[in-house]
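Right, one structure below, let's go through it.
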Amino acid sequence: MIRPLGPGDLSEWRRIRAEGLRLFPDAFLTTLQEELARTDVEVTRSLEGRLVLGCFDGDRLVGTAALDPVVEAAAAAHRVALNAFFVSPDRHGTGTGARLLRAALDRAMEDARLQVELFVAAHNRPAIRLYEKHGFVRHGLLPRAARIDGRFVDDLYYVRQLDG
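According to this note's numbering, the sequence shown is numbered sequentially starting from 28.
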């Protein structure tokens, strides 16, 4: 089941978020230490204030995808950023990522968004394959997008137009 997360999903969100940051630290801009330093009140406020889709296997959260405004401006209201996209490793290769991505795209269309944008670490071949399979097109490279443990990570910029 895929549905929006809310305050009642706090513990599962914190668990899966820590899992992703621990296992794939160079796939996110937030560090595990930064995430663990956030209070439950801060995290709950974040879950209330943004759209985060969760993919569940029973009561266990196995995947997440956030849709955030690219910028808070009327001229950019047609654009949304795909963030916090993560699927637990034990679900890789099961179609969970594809279902979650499809749900995020469907939700963006329901919300009258015309364009979904994302950044992905240039070395993350499995994620890049998933995004390209679902119609995302690479439009650029952001060199040195992040500095993690003293080394730089480049990001690729992808766009999926929903109206054409």
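Each residue gets a CB set at the ideal place from its N, CA and C atoms; glycine is no exception. Please read all numbers here as calculations on a predicted model, not as lab measurements.
Residue i - DSSP class collapsed to helix/strand/coil
i    : result
V107 : strand
T91  : strand
V164 : strand
V97  : coil
L141 : coil
L183 : strand
A149 : coil
Whole-angstrom C-beta distance between residue j and residue i, which should lie under 8 Å
i    : j    : result
G167 : Y184 : 4 Å
L132 : D190 : About 12 Å; that fails the 8 Å criterion.
F113 : G33  : Rounded, the Cβ-Cβ distance is 18 Å, inconsistent with contact.
L94  : I29  : About 13 Å separates the two Cβ atoms, so there is no contact after all.
L63  : P52  : About 13 Å separates the two Cβ atoms, so there is no contact after all.
CB of residue i within 8 Å of CB of residue j, strictly
i    : j    : result
A148 : D182 : yes
T123 : G90  : yes
L14  : E39  : Shown here, the chain extends from 28 to 191; a query on residue 14 therefore has no answer.
L109 : T71  : no
Strand pairing of residue i, partner residues [DSSP]
i    : result
P31  : L80
A135 : None, per the DSSP bridge assignment.
Proximity test, residue i beta-carbon vs the ligand ATP heavy atom, cut-off 7 Å
i   : result
G33 : As far as ligands go, the structure on display features none, and thus does not contain the ligand ATP.
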